[in-house]
């Protein structure tokens, strides 16, 4: 997605010593290098919890929050495998990710194939949590406003 490229590029230009990790997912999540991340287009059944589990593991194993500022970004079309998997995602965010990060950013890209439900689920469960920032990206013209929503929070 174009927005992830511009956010990544801006962060790299502004902060020295930044470490970025890249996770792609459909039914399974895997960590990939930067080049693979920006060239891959996943398709098929989406199980978001697989990415959240991997993200939580990376944070727990390699990035203690006492010594790192951690800002996970997740972009999706809002389609998830099942309501049960969404419950797993909410639990992972609440217990294993949010307690260890400065901010969690979720961008939902408009798609004719996605249900668009996941952002609604995040609002339902985390609407009062200032660490969770969401953005709905309806088209290419909305990318700049979305970037401002994420990076303009100053956390």
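In the numbering used here, the protein residues as written are 742 to 896. Beta carbons are placed, not taken as given, at the ideal position from N, Cα and C, and that holds for glycine. Bear in mind that the values here come from a model prediction, so they are computed numbers and not experimental data.
ask   = Going straight from the alpha carbon of residue 813 to that of residue 843, what length do you get?
value = The residue labelled residue 813 in the question sits at position 72 within the chain shown. The residue labelled residue 843 in the question sits at position 102 within the chain shown. Each residue's Cα considered, the two are about 9 Å apart.
> Enumerated in chain order, which unbroken segments of the alpha helix (DSSP H) with a length of 4 residues or greater are wholly contained in the stretch 811 to 868?
Replying inline: The alpha helix (DSSP H) runs lying completely inside the stretch 811 to 868 and spanning 4 residues or more are 824 to 833 and 859 to 867, given in chain order.
Neighbour-count burial assignment, residue 819, 16 or more Cβ in a 10 Å radius:
Taking the chain shown and counting its residues from 1, one reaches residue 819 at position 78. The residue in question, residue 819, is buried, as its Cβ has 16 or more Cβ neighbours within 10 Å.
Using the three-state DSSP reduction, which class does residue 801 fall into: helix, strand or coil? Within the chain shown, the letter at position 60 stands for residue 801. Helix, per DSSP.
Going by DSSP in three states, residue 877 sits in which element: helix, strand or coil?
The sequence position of residue 877 within the chain shown is 136, counting from 1. Under the three-state reduction of DSSP, residue 877 is assigned to strand.
Residues bridged to residue 770 by DSSP?
In the chain shown, the residue the question calls residue 770 occupies position 29. By DSSP's assignment, residue 770 forms a beta bridge with 766.
- Query: How many whole angstroms separate the CB atoms of residue 764 and residue 781, which I take to be in contact at a CB cut-off of 8 Å?
  - Reply: For this step, residue 764 is matched to residue 23 along the chain shown. For this step, residue 781 is matched to residue 40 along the chain shown. At roughly 11 Å, the Cβ-Cβ gap does not stay under 8 Å, so residue 764 and residue 781 are not in contact.
Practice prompt. Indicate whether residue 838 and residue 797 have their beta-carbon atoms separated by less than 7 Å.
Written response: If you number the chain shown from 1, residue 838 lands on position 97. If you number the chain shown from 1, residue 797 lands on position 56. Annotated as proximal: residue 838 and residue 797, with beta-carbon spacing under 7 Å.
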